[in-house]
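FYI, in mature numbering (1 follows the signal peptide of the UniProt record, and there is no 0) the residues of the sequence shown are -5 to -1, 1 to 499.
Heads up, the beta-carbon is just placed ideally off N, CA and C, and yes, glycines get one too.
Worksheet for the structure shown next.
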Amino acid sequence: WVASADRHEDFLQCLLYQNSNAISKVIYTPINSSYSSVLQFSIRNGRFNTSATPKPLVIVTVLNEAHIQAVIACSQKHGLQIRVRSGGHDYEGLSYVSVLPFVIIDLINMRTVTVDVGNKIAWAQAGATLGEVYYRIAEKSRTLAFPAGVCPTVGSGGHISGGGHGMMMRKYGLAADHIIDAKLIDVKGRILDRASMGEDLFWAIRGGGGNTFGVVVAWKLELVTVPPTVTVFNVTRTLEQNATKLVHQWQSAIRKFDEDLFSRIFLSRVNTSQEGKTTILAAYTSLFLGGVDRLLSMMQQSFPQLGLVKEDCIEMSWIESTVYFASFPRNTSLDVLLDRSPGYTMSFKAKTDFVTEPIPEIALEGIWDRLNQLDAEAAQLQFTAYGGKMDEISETSIPFPHRAGILFQIHYAVVWEQKTASWIRKLYSYMTPYVTKNPRQAYIDYRDLDVGMNNLGNTSYKQARVWGTKYFKNNFDRLVHVKTKVDPANFFRNEQSIPPLTPW
Ligand code: FDA
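As structure tokens, this is what we get:
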């Protein structure tokens, strides 16, 4: 601790010396009265907000590029790790926790979004949340949009660094598929754009994971067009309403879905009476990029078993749908998209899988048996339909490789306790026969340290390949190649950052 306290003092002196440009106003250390609130404001997994969680020596809520350059230079000089934080939604807390002495570059103040309607582009600073991006686009146009994640408080910095999927993925692919330029500060403190960083590095930062190649300052987004009216629905079916058969049939029906239709099932155990009776509930949630009549005729052809009727559907604008899917009541002001703090922090553990063939009914019943072992609503599974545009984009186009052939993704989440930790791991093991193999694929934006991690002191390529091929398949080797070129000393690193090849 003494050594790190000294390092911390030297580091602060270095920052102030390097940069007099108001940096002193945005430096927080544990003796500062706002330190805890600044740290906790963007923590989105309560599992990493305990007295035992390692804390940063310094947080710098940078205001500009010069501040970022100063933190990078001084951290290297004084042997401190950097953790970059945009929205703080990392599932394993890697943007604000490290076992090594570390500093947080917090981009919360760098969140300007400028939209150019004529050219259908926008620049979003990495600290902007998805809600802020959506809101600023809708301020200028109701028929332009950006295809990214569902939760408005997710940061664009981390989200797009890992791919970023959401309600328009079957029509347009991922957020990272729509990045056409970026501003990145590398380990040498250089400010690079697409032309100066080169196509290899530009490829790597669009999905290869954050905190690896440098600090993304801003993304240039290619906007997509949406109709003035879209349709949403959320239809629930219990076991008593044939949920098992329907989930089974959905798996084949999604192959026939039009790419304008996004489809996800939330599965959980819920109470049905005050006497403690429970059932399994399947909630079918969809965004359709069109009006209700076309949706109904499409559903009639591809998934009549669900029995969707007009009364289940609501027509609205795309921007209203982002508020709807964030679970706010109907007619909530769009301003809620600008609110960075959801007002609660869950403690959770999550894992992901990808499925290429329908899971048999008997195996679905095995999932229900496992959900029945926990309290109602302690766990939730999401089945998210892939296909459509996702099938058309090559698996090497960006580092995210889960494309043609993937039927749907499974997201498993559980409220965190020791008991639930072993429960989710057992469920994951139970699912082995029904999901992708060699490698068993996973999604880096839903980070799961159980799939493997680096040794922070001396990361080996061999060790990293175990988790790296799950997230990136063969793209992992290209990512290692890029990392070796741009950050050979592995300055930007965390438990699941791409390692460079070392000569020894
Ligand atoms: P955070 O700031 O924690 O960063 C995540 C990682 O990226 C860290 O390693 C961090 O160091 C690094 N990083 C952050 N900013 C960087 C920058 N500017 N430059 C370089 N590295 C940077 N995903 C999805 O695809 N679709 C969805 O709908 C959702 N929904 C969702 C809801 C909720 C409630 C949560 C908690 C998470 C999601 N996610 C998601 C997952 C989300 O996409 C993922 O956690 C992102 O990494 C979060 O990005 P943040 O900037 O918020 O996280």
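message: Looking at the secondary structure, which residues open and close the beta strand (DSSP E) in which M311 lies?
response: Sequence index remark: in the sequence shown, residue 311 carries index 316 (1-based). Note, M311: beta strand (DSSP E), C308 to M311.
message: Once the 5 residues before and after V33 are set aside, which same chain residues still bring their CB inside 6 Å of it?
response: In the sequence shown, the residue the question calls residue 33 occupies position 38. Excluding residues within five positions, the ones whose Cβ falls inside 6 Å are Y23 and I54.
- request: Drop a sphere of 10 angstroms on the beta-carbon of K414, count the other beta-carbons inside from all chains shown, and report buried for 16 or more, exposed for fewer.
  value: Sequence index remark: in the sequence shown, residue 414 carries index 419 (1-based). With fewer than 16 Cβ atoms within 10 Å of its Cβ, K414 is classed as exposed.
- request: Taking V128 as the reference, give the member of L291, P147 and K478 with the closest Cα.
  value: Your numbering for residue 128 matches position 133 in the sequence shown. Considering only alpha carbons, the answer is P147.
Pair within 8 Å by beta-carbon distance, I405 and K344: Taking the first residue of the sequence shown as 1, we reach residue 405 at position 410. Taking the first residue of the sequence shown as 1, we reach residue 344 at position 349. It is not a contact, given that the beta carbons lie outside the stated cut-off.
query: DSSP state of W411, grouped into three classes?
result: Taking the first residue of the sequence shown as position 1, residue 411 is located at position 416. Here W411 sits in coil by DSSP.
- prompt: Any idea what DSSP makes of P494, helix, strand or coil?
  reply: Start at 1 with the first residue of the sequence shown, and residue 494 comes out as number 499. Collapsing the DSSP output to three states places P494 in coil.
Entirely enclosed alpha helix (DSSP H) segments - the segment 72 to 145, minimum 4 residues: For the segment 72 to 145, whole alpha helix (DSSP H) runs of length 4 or above, ordered along the chain, are 125 to 135.
- request: Kindly list the residues whose CB is nearer than 7 Å to the CB of R60, restricted to its own chain and excluding five residues on each side of it in sequence; keep chain order.
  value: Position 65 of the sequence shown, counted from the start, is the residue given in the question as residue 60. It should be pointed out that residue 60 corresponds to Glu in this sequence rather than to Arg. I180, I186 and V212.
- prompt: Taking just the CA atoms, how far does H476 sit from P483?
  reply: What you label residue 483 is simply residue 488 of the sequence shown in a count that begins at 1. What you label residue 476 is simply residue 481 of the sequence shown in a count that begins at 1. Taking the straight line from one Cα to the other gives about 10 Å.
- prompt: Taking the alpha-carbon positions, what's the K72 to T220 distance?
  reply: Within the sequence shown, residue 72 is the residue found at index 77, counting from 1. Within the sequence shown, residue 220 is the residue found at index 225, counting from 1. Cα to Cα, K72 sits roughly 47 Å from T220.
message: Measuring straight from C-alpha to C-alpha, what distance separates L7 and L496?
response: Against the sequence shown, residue 7 aligns to sequence position 12. Against the sequence shown, residue 496 aligns to sequence position 501. Distance between the alpha carbons of L7 and L496: 32 Å.
message: Helix, strand or coil, according to DSSP, for Q404 in the structure here?
response: As a first step, residue 404 is located in the sequence shown; it is residue number 409 there, counting from the start. In the structure shown, Q404 sits in a strand (DSSP, three-state: E or B).
- prompt: Under the rule that 16 or more other beta-carbon atoms within 10 Å means buried, what is S29, buried or exposed?
  reply: Taking the sequence shown and counting its residues from 1, the one referred to as residue 29 is at position 34. By the beta-carbon neighbour count (other beta carbons within 10 angstroms, threshold 16), S29 is exposed.
message: Using the three-state DSSP reduction, which class does K465 fall into: helix, strand or coil?
response: For this step, residue 465 is matched to residue 470 along the sequence shown. K465: helix per DSSP, three-state reduction.
Burial state of E194 (16 or more Cβ within 10 Å): Against the sequence shown, residue 194 aligns to sequence position 199. Its Cβ having fewer than 16 others within 10 Å, E194 is exposed.
field: Sequence-distant residues of its chain with Cβ nearer than 7 Å to W(-5) (five each side left out)
entry: Indexing the sequence shown from 1 puts residue -5 at position 1. With a pLDDT of 45 at W(-5), under the threshold of 50, the modelled position of that residue is not reliable, and the figure given next carries that caveat. There are no such residues.
- prompt: Hey, would you say the C-beta of I41 is under 7 Å away from at least one heavy atom of the ligand FDA?
  reply: To locate residue 41, count along the sequence shown from 1; it is residue 46. Looking at the sequence itself, residue 41 is Gly, so the reference to Ile does not match. No, Cβ of G41 sits at least 7 Å from all heavy atoms of the ligand FDA.
- request: Could you give the DSSP three-state label for I26: helix, strand or coil?
  value: Taking the first residue of the sequence shown as position 1, residue 26 is located at position 31. In this structure, I26 counts as coil in the three-state DSSP scheme.
Check: R78 C-beta below 7 Å from any heavy atom of the ligand FDA: The residue you call residue 78 lines up with position 83 of the sequence shown. Yes, the Cβ of R78 comes within 7 Å of a heavy atom of the ligand FDA.
- request: Could you check if G205 is buried or exposed, using at least 16 other CB atoms within 10 Å of its CB as the buried criterion?
  value: For the purposes of this step, residue 205 is taken as the residue at position 210 of the sequence shown. Buried is the call here.
- request: Can you tell me which of T124, I99 and E217 puts its alpha carbon nearest to the alpha carbon of K115?
  value: Working through the sequence shown from its first residue, we reach residue 115 at position 120. Measuring from the Cα of K115, the nearest candidate turns out to be E217.
task: From the DSSP output, read off the bridge partner residues of T280.
output: Residue mapping note: residue 280 aligns to position 285 of the sequence shown, counting from 1. Answer by DSSP bridge pairing, in chain order: N229 and R259.
- prompt: How far does the alpha helix (DSSP H) with D386 in it reach, from first residue to last?
  reply: Working through the sequence shown from its first residue, we reach residue 386 at position 391. Element bounds for D386: K384 to E387.
query: Given I393, which residues of its chain have a CB within under 7 Å of its CB, disregarding the five upstream and five downstream residues?
result: Translated into positions along the sequence shown, residue 393 becomes position 398. Correct list, in chain order: A171, D172, W198, R201 and G202.
message: So, under 8 Å CB-CB, V57 and N104 are touching, yes? Tell me the CB distance rounded to an integer number of Å.
response: Counting from 1 along the sequence shown, the entry for residue 57 is found at position 62. Counting from 1 along the sequence shown, the entry for residue 104 is found at position 109. V57 to N104, Cβ: 7 Å. Contact.
- prompt: Excluding the five sequence neighbours on either side, which residues of its own chain have a C-beta within less than 6 Å of the C-beta of K478, listed in chain order?
  reply: Residue numbering aside, residue 478 sits at position 483 when the sequence shown is read from its first letter. Listed in chain order, the non-local C-beta contacts of K478 below 6 Å within the same chain comprise I493 and P495, local neighbours out to five positions each way being set aside.
message: Whole angstroms are fine: how far does the CA of T207 sit from the CA of R131?
response: Here the question's residue 131 lines up with position 136 in the sequence shown. Here the question's residue 207 lines up with position 212 in the sequence shown. The C-alpha of T207 is placed about 29 Å away from the C-alpha of R131.
query: What residue does the beta strand (DSSP E) around residue 508 start on, and which one ends it?
result: Because the chain is modelled from -5 through 499, residue 508 falls outside the range shown and cannot be assessed.
task: Give the DSSP-derived three-state secondary structure of K344 in the structure shown.
output: In the sequence shown, the residue the question calls residue 344 occupies position 349. Strand at K344.
- prompt: What are the boundary residues of the alpha helix (DSSP H) that L218 is part of?
  reply: Your numbering for residue 218 matches position 223 in the sequence shown. That residue, L218, is in no alpha helix (DSSP H); it is neither H nor E in DSSP.
- prompt: Using a threshold of 7 Å, is the CB atom of H173 nearer than that to any non-hydrogen atom of the ligand FDA?
  reply: By one-based count along the sequence shown, residue 173 stands at place 178. Result no, Cβ not under 7 Å from the ligand FDA.
field: N40 versus K421: straight-line alpha-carbon distance, rounded
entry: Taking the sequence shown and counting its residues from 1, one reaches residue 40 at position 45. Taking the sequence shown and counting its residues from 1, one reaches residue 421 at position 426. Approximately 22 Å between the Cα atoms of the pair.
- request: Consider the C-beta atom of G271 and the heavy atoms of the ligand FDA; say whether any pair is separated by less than 7 Å.
  value: Position 276 of the sequence shown, counting from 1, holds the residue named residue 271. No.
query: First and last residue of the alpha helix (DSSP H) that includes F197?
result: Residue numbering aside, residue 197 sits at position 202 when the sequence shown is read from its first letter. Residues E194 to I200.
query: Between the C-alpha atoms of M385 and W411, what's the straight-line distance to the nearest angstrom?
result: Taking the first residue of the sequence shown as position 1, residue 385 is located at position 390. Taking the first residue of the sequence shown as position 1, residue 411 is located at position 416. Distance between the alpha carbons of M385 and W411: 32 Å.
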